[in-house]
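Asker: Protein chains in written order, with this note's numbering: chain A, 58 to 557; chain B, 242 to 400; chain C, 28 to 519; chain D, 3 to 131. Where a beta carbon is used, it is the ideal one built from N, C-alpha and C, also for glycine. Structure provided below as C-alpha cells; questions to follow.
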Amino acid sequence: MIKQNLHMFVMAAPLLCAFAVNLLGRLSRAWVAPLVLGALGFSTYGAIFVLQEVLTNGSFRYVVGNWTAPYGIELVLDPLSAMMLLLVSTVAFLASISALKSVSQELPGREHFFFTLFLILIAGLNGLVMTADAFNLYVLLEITSITTYGLIGMGSGRAPLSSFNYIIMGSIGACFYLLGVGYLYILTGSLNMADISTILGGLQGGNVATATAFAFLMVGLWVKMAFFPLHGWLPNAYSHAPSGAGVMIAPLMTKVTVYLMIRVMFSIFSPEFEFVRHAGVQNLIVWVSAIAIICASLLAFSQRDLKRMLTYIIVAEVGYMVGGVWLANTTGLSGAILHIVNDALMTLCLFLAASAIAYRTGGLSFEHLRGLYRKMPVTMAAFTIGAFAMIGVPPTCGFFSKWYLILGGAEAGHWEFVAALVLSSLVNAILFFRIIEIAFYPTEESHGHGHHEQEKVKVQEAPLMLLNPLVITAVLLIVVGLSSGTIVNDVIRVVLPDLF
Amino acid sequence: MKIIQDRAKTKQPGESLIIQTSVRILVPFIQLFGLYVIVHGHYSPGGGFQGGVVLGSAIILLAIAFDLKTTLGYLSERSNALMSNIGPLIYTGVAALAAVMGGLFLDYSALDVIIPLGPIEWRSMGIFLVEVGVGLAVMNIMLSLFWDVSSGGDMDEGL
Amino acid sequence: MENVYSIWPLAAVLISLLGAIPILLSDRTPNIREGWTIVIAVGKVWLIAAMLPTVLAGGSFEFTIAQVLPGVPIQLRVDAMGMFFALIASFLWLFTSIYSIGYMRALEEHDQTRYFASFAVAISATIGVAFAANLLTLYLFYEILSLSTYPLVAHERNAEAKASGRKYLTYILGTSIGLVLPAMVILYSLTGTLDFKSGGIIGTGCNAQVITLLVVLFVFGFAKAGIMPFHAWLPAAMVAPTPVSSFLHGVAVVKAGAFSILRVIFHIFGPEQLQYFNLGTFITTVASITIIVASLVALTQDNLKRRLAYSTIGQLSYMVLGAGMLSAAGMTGGLLHIGMHAFGKITLFFCAGAIYVASKKKYISEMDGLGRRMPITFGAFFLGSMSIIGLPPLGGFISKWNLVIGSVQGNQIPLLIVLLVSSLLNAAYFLPIVYRAFFAVPQGEAATEEAVKIQEAPLLCLIPICVTAIGSVALFFYPDIFLRLVQLALFP
Amino acid sequence: MEAILAELVAKYNYWIYVVLMMIGFYAMIGKRNLVKKLLGMNIFQTAIILFFISTGVKRGGAIPILDKHEVLLHGINPATIDNPLPHVLMLTAIVVSVSVTGVALAILIRIYRRYGTLEEDEILEKIGK
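Right, dumping it as C-alpha cells:
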C-alpha cells in the first residue's frame, strides 16, 4: 500500500520533519542535520521510484482523503510532474547539505527555525508540482511564498527590507491569481483543473470572462516568477537572503512557477485558446520575452557582486522559459521544460559555489574573488562548469535546452527570440569570463615572472559539507546534458500529446 | 481578588481594575467556548481554526488587560512553541498514518485497522483528531504572533 | 566499406582527458608528472596508429557516446579525414610534450601542473574534433578546445596576458556562439540531421540565399581558422609560452578551425552543391584576401613569434582556398596542407622557442649572427621556412604543387597569381631571418661578451626540432600515407 | 448613460469590490510608508475575499447548515441554500492573509529596529549613507 501513496510520502516526509526539527532542535542542535537529511534523502529516493512507476505504468490521478474529484482535491502524476517532483527533491537534498553548514555559520543558534521553514517550503513545492486543483495551487503557492519571505527575512543587512518588498509584490501576484481562479469559478463552478477544462471547452459565450480569468492567472504567475517587467523584487530578495536559503530558493521558486504556468496554460486552458484564438497575444509575449532576456542580461552587466549578477541571470532565464512555452510549438515547449530542469541545476551549482566562496572569503563582491583558482581550486572548477552550462557550452546541459529553444524559435519564425537567445549566450559568456578572469589573476597589478615564488597561496577549500553537493551538482550538469535525449524522449515527449 | 487589588495599588500595568476583573471572569468562558467550537467542528459549524482563534484570543485578551508577563504565567513561551509544533504534527501525523495503514492520504477510514470503530465512524473521528491538531496550532500561533509583534520578540516591553 | 562499432575512438579521445587527473594529482613531484605526460602521449599515438591500418583499408570506427537530440547523437567516427588530422596532431603532441619539458624547465616557469593538465585536455579536444561524426560533436569539442586553451594563453598572468586572453575568448567564443550555433540550428531545421556524409547533406533543392548565409556563417564562424577579419586573436595569443604557440597555434587549435571548415565544405555542403550554388568563388576570394594581407603584415613584424603568427594566418587560408577551388587537385592540396604546414610551422615555432630559451631574444633585429652560435636550431629553421615557402625537397612543396595544379585545372588564373605572389612573400619574410642569423655581423649590444656565451638550447628542446625538421623532409619523399588518407577522405 | 447606471446598480457589489481593490492597490504601490503598504495589501485581499463570498450568495438562500433527518426525509433543494464552497475557500484565503500579515509585521519590526523608521524614503536614505 506504500506504493500508491509513495508520492504523498515524498511530500509528507519534509512536512513531518519540519515540526520534528523545530521540536527536537530546541533540545539539541545535533538533531537538525540527521532529521533534515533523512527526510530529504527519503524524498529524493522516493521521487526516483515515483518517476519510475509513472514511466512504466503511465500517469495516474490521486484523490486526497478518498474524496472523489471534482469535489475532493486531486493530484496528478504524469511524467512531467513526477520529473518535477524528482527535480525538487534532488535540488532540495543537495541544497540542504550545503545549507546545514552555511546556516550554522550565518545564523548560529537559529538552525531549527531556519530548517522548519526550509522543510515546509520543500513540502509546499512538492505539493505544487503535483496538484491538479486550481485553488489548492493558490494555497500551496502561498505556503511556499510565506516560508520564502521568512527565509529571506532571516538574512542580514537589507534582507528584511527586500523581503518586505517581496511580500508586497508576491501578494499582488497571489491576489491576481486568486482573482483569476474566482472568475473561473464563477464561469464553471469548479476548481478541479481537468473539470474546468472540460466545462470551458463546452462553454457557449463568456469569451471576455474567460480571457479575463486567463489574464489574471498569467499576470499573477508572472509576478511570482519575476518575468521581466515584473521582476523588480527578485534581485534584492535573492541576493540578500542567507546563503543557505539562496541555494534553495533561487533554483526552485521561479522554475516551479514556470511549471505552474505550463500547467495552467495546458491543463486548464487549451493551446487552441492561447495560440490560435489569441495569436496576437502569443506574438506579443514572445516579443516581451525576447526583450526580457536582453534587458535582464544587460542589467546583469552593471552588477559588481557575484550573487546579484546571478539573480539578474535568473530573470533572463525566466524569459527563456516563458518565451519557449509561448512559441507555440512542440520544440519550443520541450526546450522550455528541459530548461526548467537544466536551469534549476545550473542555478543550484552556481549558488552552491557562491555559498562556498562566501563561507571562506566572507563576501561575494568581485574584490573577494581575486586569485580564487589558487585558493579554492575544486570550488572554482565546479563554478566553471556551472558557468559553461549557463553560457551553453556542450556537453553541459545548458546547451541542449538552448538548442531546443533556438530551434523552436526558428521553426516558429520568431527570429527576435533566436537573436535574444544568442545575444544572451554571448553576454553570459562575457559575464562569466569576467569573473573567471578575476579569479584567475591574483591581484590588480601585473605579475611577471619571478614573482611567482612568493605568491604561493595556500589552498583553502571550503568544508566538505559545502563542497560535496557542489561537485555532485557539477557532475549532474554534464550527466543531465548527455542524457537530455532520454529526458526529452521518455519524459517530455510523453506529456506533449496531452498538451497539444 | 486580593492580589489584583494589591497590584492595582502598587503599579499600573495595563487597564483599570474593572476591566482586569471582568477579563479574569470572562476568560474561562471564552476558553470553554473555544473548546466547544473545536470539539463540534467536525459535524457542525466551527472547527479547529475557528476554535483555535477563540482560544488564542482569550489569552490575548489577558495580555491586553494585564501585560505580556502575566500571560507567560499561564502559558510559557516554551510550551507555546512546543504546542504550536505538536499541533501540525498531529495533523500531518494522522494523515500519514492513514496512508501507512493502507488507505489513501487523509483517508481516515483506513485507521479502522488500529481501533475498529467502523470506517464511517472513523471518518468523523479522524477529522476530529485533525481539528484538535489544527486548534492547538492556531491557538499557539495566534498567541505567538501577538507576543512577537507587540514586543518585538523580547517579551519584556510592549503593552 | 567496413564500419566497426568500437570503443577505440573514445579511448583515443579520453586517454589524455583522464590523463589530466594524474597530472593534477602529482603536482608536487614534477618528474612523475612529466612521466605521465609522456606515457599519455605515447599511449595516444599508439591508440590512433592502431586504427590506421583499418582506415587505410577503407574502413572506419564508430562509437556513440549519447543520444542527445533527435537524429543527432554525440558520436565519434574515425574516417580517413579525421584519421589524417588526428595522426598529425597526436604525433606532434608527443614531440611537443618532450619539447615542453625542456622549455618549461629551462625557463623555470610557474604553474607547470596547470600547464600540462590544460595541454592534455586541449589535445583531447583536438582529437575529438578530428573524430567527430557530426557537426554537434565537432562543435562540442571545438568549444572545449577553446576553453581549455584559455589558461595556456593567459599563462603569464600579467596585464598583457590578460588582454590577450580576453581578445582570444572574445573572438573564438563570440564567433562560435554568435555564428556557428545559429548556423547549426538553421542547418538542423533544414535537414533534420547534422551527420557528416560524403557528398554533403544538403540537397540542391534548398533556398540559395539560406545556403549562402550558412556558408558565410560557417566560414567566418570557425574563427580558429583565422579568416580575416576574425584573425586578430592569433597574434595576440602569442604571449603564451612557446610550446603552446607552436603546438596549439601552429597545429592543434588553428588546424582544428581549418579542419572544421573543410569538414563542413566537404561533408555538410558537399563540393557539388557548392559548385551548383556557385559559392566556391566566395570562399576562395575571402581566403585569397587573407593570404595576401596576412603575408604583407608578416613582413612588417619584428617579433619573431608574431611574424610566425601572421604567416600561420596566411597559410591557414591556403587550406580554405584549396577547398574552395572545388577541383580534385585543389581540394587534395588544401587538405594535404594541414599536414605539411603542421610539420613546417611547428619546426619554426620550436626554433623560436629554442632561441628564446637560449638567448632570451624575441626580436628578429636582435638575431644577427645568432646562427653561428646555434647552427642546429637555425638549420632546422631554414628547413621549416623552405617547407612553408613550398620549395622542394620539403613536404610543403607537395601540397602547394597540388594547389597550383588545382587552380590551373579549375581555370582560376587569379588564384594561381595569388599562390605565386604569396610564395614570394613567404620567401621575403622568412629568408632574411636565416640570412641575418648566419651572415650578418653582430653589432652593438649583440656583440657583447654575454652574447658570445650563447649556446644551443637544452637537448630536450633540440630533439623535437630535429625530428620535425627531418619529418618535413621525409614527407616530401614519402607522402604516401597522407596522400592515401586524403584520397580516401575526398573520393571514397 | 442609462445603461451604464443600470449596469452599476445591478452589479453594485462587484463595483464596491473594484473600488476597494483599487484603494488597496494604490496603497501598495503609491504609499511610501511600509505599514500603509501592508494595510493596502490587506484591503486588497479583503476585496477579493468579499468578491468570492458574494459569488456564493443566492437570492433567498439560507445558510448551508442542514438538519440530517430533514435531508434524509425530503432531500436537498439546492436553490434554497447558499453555496458553502466559496466560504470555505475564503476561510483558507483568510488564513493565508493572516499568515502573510504576521510575517510582514515581524519583518517590519526588524526593519524598524534597524533603521528606526518605517518610511521607505528615509530607509533608503539611511542605506545610501
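Within its chain, find whatever has a CB closer than 6 Å to the CB of Leu121(C); leave out the 5 residues flanking it on each side and keep chain order.
Answerer: Ala68, Val72
Asker: At a CB distance below 7 Å, what residues from the segment 374-397 of chain A approach chain C? Give them in sequence order.
Answerer: So the list is empty, because no residue satisfies the distance condition.
Asker: Cβ of Ala216(A) less than 8 Å from any chain B Cβ?
Answerer: no
Asker: For the structure I just gave you, are there three or more beta carbon pairs, one from the segment 137-151 of chain A and one from the segment 99-109 of chain A, closer than 8 Å?
Answerer: yes
Asker: If contacts are defined as beta-carbon pairs under 8 Å, then Ala283(A) and Gly212(A) qualify, I think. What distance do you get, rounded to the angstrom?
Answerer: That pair is no contact at about 18 Å.
Asker: Within 10 angstroms of its Cβ, does Phe138(A) collect 16 or more other Cβ (buried), or is it exposed?
Answerer: According to the sequence displayed, residue 138(A) carries Ser and not Phe. With 16 or more other Cβ atoms from the protein chains shown falling within 10 Å of its own Cβ, Ser138(A) counts as buried.
Asker: Could you name the residues of the same chain whose beta carbon sits closer than 6 Å to that of Leu464(A), not counting the 5 residues immediately before and after it, in chain order?
Answerer: Thr388
Asker: Listing by chain order, which chain C residues have their CB less than 7 Å from the CB of Tyr490(A)?
Answerer: Note on identity: in this sequence residue 490(A) is Phe, with Tyr being the wrong assignment. Under the 7 Å cutoff, chain C gives Leu196.
Asker: Could you please give the first and the last residue of the uninterrupted alpha helix (DSSP H) stretch that includes Asn453(C)?
Answerer: 440-466
Asker: Ala64(D) bridges to which residues according to DSSP?
Answerer: Ala64(D) pairs with Ile83(D).
Asker: Give the range of the alpha helix (DSSP H) segment to which Leu44(C) is assigned.
Answerer: 35-52
Asker: Between Leu208(A) and Val93(A), is the Cβ-Cβ spacing less than 8 Å?
Answerer: no
Asker: Is any beta-carbon of chain A found at less than 8 Å from that of Leu7(D)?
Answerer: no
Asker: In chain A, which residues lie less than 7 Å from Asp348(B) when you measure between Cβ atoms?
Answerer: Gly122, Asn123
Asker: Give a yes or no on whether the minimum CB-CB distance between Leu176(A) and chain B is below 8 Å.
Answerer: no
Asker: Nearest to Val196(A) by CA position, among Val97(D), Ile109(D), Lys128(D), is which residue?
Answerer: Val97(D)
Asker: Along chain C, in chain order, which residues have C-beta atoms closer than 8 Å to that of Leu542(A)?
Answerer: One detail in the question is off: residue 542(A) reads as Gly in this sequence, not Leu. Correct list: Ala93, Gln94, Val95, Leu96, Pro97, Pro100.
Asker: If you draw a straight line from the C-alpha of Val343(A) to the C-alpha of Ala210(C), how long is it?
Answerer: Taking the straight line joining both Cα atoms gives about 22 Å.
Asker: Cβ atoms of Gly289(B) and Gly282(B): under 8 Å apart, would you say?
Answerer: It is a contact, given that the beta carbons lie within the stated cut-off.
Asker: DSSP on Leu134(A), reduced to helix/strand/coil?
Answerer: strand
Asker: Taking the straight line between their C-alpha atoms, what separation do you get for Thr204(A) and Val528(A)?
Answerer: 28 Å
Asker: For Val528(A), which three-state DSSP category applies?
Answerer: helix
Asker: Does Met43(D) come within less than 8 Å of chain A when only Cβ atoms are used?
Answerer: yes
Asker: For the alpha helix (DSSP H) that Leu241(A) lies in, which residues bound it at each end?
Answerer: 216-245
Asker: Under 8 Å, with one C-beta from each stretch per pair, do the segment 370-386 of chain C and the segment 297-317 of chain C reach the 3-pair mark?
Answerer: no
Asker: Quick one: what's got a C-beta closer than 6 Å to Cys74(A)'s C-beta in the same chain, skipping five residues either side?
Answerer: Around Cys74(A): Leu92, Ala96, Leu176.
Asker: Would the segment 222-229 of chain A count as touching the segment 346-363 of chain A if we require 3 or more Cβ pairs under 8 Å?
Answerer: Between the segment 222-229 of chain A and the segment 346-363 of chain A there are fewer than three C-beta pairs closer than 8 Å, too few to call the two in contact.
Asker: For chain A, is any of its Cβ atoms less than 8 Å away from the one on Ala304(B)?
Answerer: Chain A, which has no Cβ nearer than 8 Å to the Cβ of Ala304(B), makes this no.
Asker: When you compare the CB positions of Ala133(C) and Tyr198(C), do they come within less than 8 Å of one another, or not?
Answerer: no
Asker: What does the alpha-carbon distance come out to for the pair Leu410(C) and Arg463(C)?
Answerer: 16 Å
Asker: Assuming Met447(A) contacts Ile370(A) (C-beta within less than 8 Å), just tell me the rounded distance between them.
Answerer: 6 Å
Asker: If Val347(C) sits next to Ile254(C), beta carbons under 8 Å apart, how far is it from one beta carbon to the other, in whole angstroms?
Answerer: 7 Å
Asker: Could you tell me the alpha carbon to alpha carbon distance between Ser541(A) and Pro97(C), rounded to whole angstroms?
Answerer: 10 Å
Asker: Is it buried or exposed, Glu331(A), if we count other Cβ atoms within 10 angstroms and call 16 or more buried?
Answerer: buried
Asker: CB Ile59(C) to CB Phe143(C), shorter than 8 Å?
Answerer: no
Asker: Please list the residues of the segment 284-312 of chain B that have a C-beta atom closer than 8 Å to any C-beta atom in chain D, keeping them in chain order.
Answerer: Ser285, Pro286, Phe290
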